[in-house]
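Undergrad: Quick one: the structure is below, questions incoming.
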Amino acid sequence: MNFSHITWLDDKGHIKPPIFLYAILAFLARGWCIFIASLTQASDRAELVRLFYPEKSDFLLALAAGLGAVVLYVVVLAERRRSPSWLRPVFVHLKWGLWILLLLDAILLAQRLIHGQFLFHWSLALDALVLFWSGLYVYKSKRLSYYLADWPKETVTSVKEN
Numbered sequence: 008m009n010f011s012h013i014t015w016l017d018d019k020g021h022i023k024p025p026i027f028l029y030a031i032l033a034f035l036a037r038g039w040c041i042f043i044a045s046l047t048q049a050s051d052r053a054e055l056v057r058l059f060y061p062e063k064s065d066f067l068l069a070l071a072a073g074l075g076a077v078v079l080y081v082v083v084l085a086e087r088r089r090s091p092s093w094l095r096p097v098f099v100h101l102k103w104g105l106w107i108l109l110l111l112d113a114i115l116l117a118q119r120l121i122h123g124q125f126l127f128h129w130s131l132a133l134d135a136l137v138l139f140w141s142g143l144y145v146y147k148s149k150r151l152s153y154y155l156a157d158w159p160k161e162t163v164t165s166v167k168e169n
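What follows is the structure, encoded as structure tokens:
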């Protein structure tokens with residue numbers, strides 16, 4: 008049988024991580040992405056950070072919350088290699104980790120709204136929209152559910168010798 012038309016399987020027959028999972032993790036770790044991008048500017052490194060996070064405390068909280076997304080990204084990379092078997096229980100609960108991080112991001116968005124005195128700003132509106140769609144994706148995605156069930160337990164079979 009030829010399974011070349013199925014693009015969500017890799018060459019070993021395992022389900023590839025959904026692209027939107029990577030997008031959600033990058034969105035949740037956007038504080039780290041902005042921090043890394045600000046390191047590339049030689050003239051004023053803090054200007055890029057101030058563009059997205061006018062309050063310093065909001066940026067530091069985004070870095071703290073984004074650390075969870077970085078950890079989940081490492082777990083996804085470990086699943087691709089199937090190498091450290093002790094990470095399997097963490098991988099099984101990846102969906103709960105995503106829910107916790109999305110809830111934490113919603114709380115941080117509410118704090119940013121309070122700091123902005125509830126005035127409309129495009130970055131806050133886009134964050135709310137992406138947060139809504141990410142939550143909907145985590146709730147409804149069949150492919151994400153299939154992906155999370157793809158790292159089976161390795162059963163140890165002992166052979167009895169008579």
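Numbering (our numbering) for the sequence shown: 8 to 169.
In this text, a Cβ means the ideal position worked out from N, Cα and C, and glycines have one as well.
1) Label R119 either buried or exposed according to how many other C-beta atoms from any shown protein chain fall within 10 Å of its C-beta, with 16 as the threshold for buried.
2) Quick check: the region 74-87 against the region 98-109, are at least 3 beta-carbon pairs closer than 8 angstroms?
3) CA-CA distance, R150 and P25?
4) Rounded to the nearest angstrom, what separates P91 and G20 at their Cα positions?
5) Would you identify the three-state DSSP class for L16, choosing helix, strand or coil?
6) Can you name the residues that DSSP bridges to I22?
7) Three-state secondary structure (DSSP) at Y154?
8) Quick check: the Cα distance between F66 and C40, rounded to an integer number of angstroms?
9) Starting from G75, follow the alpha helix (DSSP H) in both directions and report where the run begins and ends.
10) Using the Cβ count rule (16 or more neighbours within 10 Å means buried), how would you classify I31?
11) Helix or strand or just coil, what does DSSP make of S148?
TA: In short:
1) Burial call: buried.
2) Cβ pair count under 8 angstroms is three or more, so yes.
3) Roughly 7 angstroms between the two C-alpha positions.
4) Approximately 19 angstroms between the Cα atoms of the pair.
5) Residue state, collapsed to three classes: strand.
6) DSSP, once it has assigned bridges, lists L16 as partnering I22.
7) In this structure, DSSP gives Y154 a helical state, which the three-state scheme calls helix.
8) Their Cα atoms are separated by approximately 11 angstroms.
9) DSSP places G75 in the uninterrupted alpha helix (DSSP H) bounded by K63 to R88.
10) Around the CB of I31, 16 or more other CB atoms lie within 10 Å, so the residue is classed as buried.
11) Assigned with DSSP and collapsed to three states, S148 falls in coil, not helix or strand.
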